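Worksheet for the structure shown next.
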Amino acid sequence: MTGGRLTLADIVDATGARVHPPLDPHAAAVPVRAVSTDTRTLRSGDLFVALRGPHADGHRFVGEAAAGGVVGVVVATLPEAPLPVPVLLVPDTLRALGVIAARHRRELRADVVGITGSVGKTTVAGLTALVLERRFRVVRSAEAWNAEIGVPLTLLRAGPETQVVVAEMAMRGLGQIRELVEIARPRIGVVTNVGESHLGLLGTVERVAEAKGELVAGLPPEGAAVL
Numbered sequence: 118m119t120g121g122r123l124t125l126a127d128i129v130d131a132t133g134a135r136v137h138p139p140l141d142p143h144a145a146a147v148p149v150r151a152v153s154t155d156t157r158t159l160r161s162g163d164l165f166v167a168l169r170g171p172h173a174d175g176h177r178f179v180g181e182a183a184a185g186g187v188v189g190v191v192v193a194t195l196p197e198a199p200l201p202v203p204v205l206l207v208p209d210t211l212r213a214l215g216v217i218a219a220r221h222r223r224e225l226r227a228d229v230v231g232i233t234g235s236v237g238k239t240t241v242a243g244l245t246a247l248v249l250e251r252r253f254r255v256v257r258s259a260e261a262w263n264a265e266i267g268v269p270l271t272l273l274r275a276g277p278e279t280q281v282v283v284a285e286m287a288m289r290g291l292g293q294i295r296e297l298v299e300i301a302r303p304r305i306g307v308v309t310n311v312g313e314s315h316l317g318l319l320g321t322v323e324r325v326a327e328a329k330g331e332l333v334a335g336l337p338p339e340g341a342a343v344l
């Protein structure tokens, strides 16, 4: 860590990435300004994580990212042409994003409030953030940043000055909220309700309750659940 920011060396250590070319001491100590998965929002000093999705593959844009002044790129396949920045090769870039966020979370002094539920998550998260902002420095989930990409990116927006992170947590099946909790380590968990909106995925309201209950089950002994 440098000035509350992860360095490339921290990220390599956390992810187990193979670096091409190997990091020299100067590059290893470079602090990462921010982490982004979208070249349209990249700024100099950022780290670019190339994600593959149903409509786009971030690996197509690693050259553009490198030209934009990033400190490195995280990829699952090496680019065809050499890049002027360190290339961090990992088996799964989505998993690497979560690992990087979890590593960053370890260094934060902020409390995390995790919010889930069948309906009302976004409204409750927004209202919670508005109330807390009257007293604390708050980072909250951006619109629809509530799953395996959004929760890590929300955490990575928090800095040494952040006092509270409000993280909305959605799911598409059993185990997903547990994974988000393992990354975000909330101290307070809010379950807005348990309803029928996920029956197509889980079959019964009882299984929906089990999935939402993963947030409560993952709270620390000193944590608090709001139901």
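Numbering of the sequence shown is given in my numbering, commencing with residue 118 and proceeding in unit increments. Backbone N, C-alpha and C define an ideal beta-carbon position, used for all residues, glycine too. Keep in mind the model is a prediction, meaning the values are calculated, not measured.
Query                                                                                                        : Result
Gly231, buried or exposed, once every other Cβ within 10 Å from all chains shown has been counted against 16 : buried
Limits of the unbroken beta strand (DSSP E) element including His172                                         : Here His172 belongs to no beta strand (DSSP E), and DSSP marks it neither H nor E.
Minimum length 3: unbroken beta strand (DSSP E) runs contained in the region 197-225                         : 204-206
Span separating the alpha-carbon of Arg226 from that of Glu260                                               : 24 Å
Three-way DSSP call (helix, strand, coil) for Val322 in this model                                           : helix
Closest Cα partner of Gly276 within the set Thr233, Arg223 and Val236                                        : Arg223
Identity of the residues DSSP links to Gly306 by a beta bridge                                               : Gly231 and Ala342
Gly243 versus Ala284 - alpha carbon distance                                                                 : 10 Å
Buried or exposed by the 16-neighbour rule on C-beta atoms within 10 Å, applied to Leu247                    : exposed
Backbone secondary structure at Thr124 - three-state DSSP                                                    : strand
Boundaries (first-last residue) of the alpha helix (DSSP H) holding Ala182                                   : Val179 to Ala184
Rounded separation between Pro303 and Asp228 - CA only                                                       : 7 Å
Beta-carbon proximity list for Val129, same chain, < 8 Å, skipping 5 on both sides                           : Val136, Leu140, Ala145 and Leu205
Coarse secondary structure for Val333, derived from DSSP in three states                                     : helix
Inter-stretch contact (C-beta, 8 Å, three-pair minimum) for the region 331-343 and the region 262-281        : no
Cα-Cα separation, Val307 to Glu331                                                                           : 11 Å
Nearest-angstrom Cα separation, counted from Thr321 out to Ala126                                            : 46 Å
Nearest-angstrom Cα separation, counted from Leu200 out to Phe165                                            : 13 Å
Contiguous beta strand (DSSP E) assignments of at least 3 residues, all confined to the region 250-306       : 255-257 and 281-285
Val236 burial status per 10 Å Cβ neighbour count (16 or more: buried)                                        : exposed
Of the listed residues Asp163, Leu291 and Val282, nearest to Ala150 (C-alpha basis)                          : For clarity, residue 150 is Arg in the given sequence; the question names Ala instead. The option with the nearest alpha carbon to Arg150 is Asp163.
Contact set for Val255: own chain, Cβ-Cβ below 8 Å, skip 5 residues either direction                         : Ala246, Leu249, Thr279, Gln280, Val281, Val282 and Val283
Alpha carbon of Val298 to alpha carbon of Glu197, nearest angstrom                                           : 37 Å
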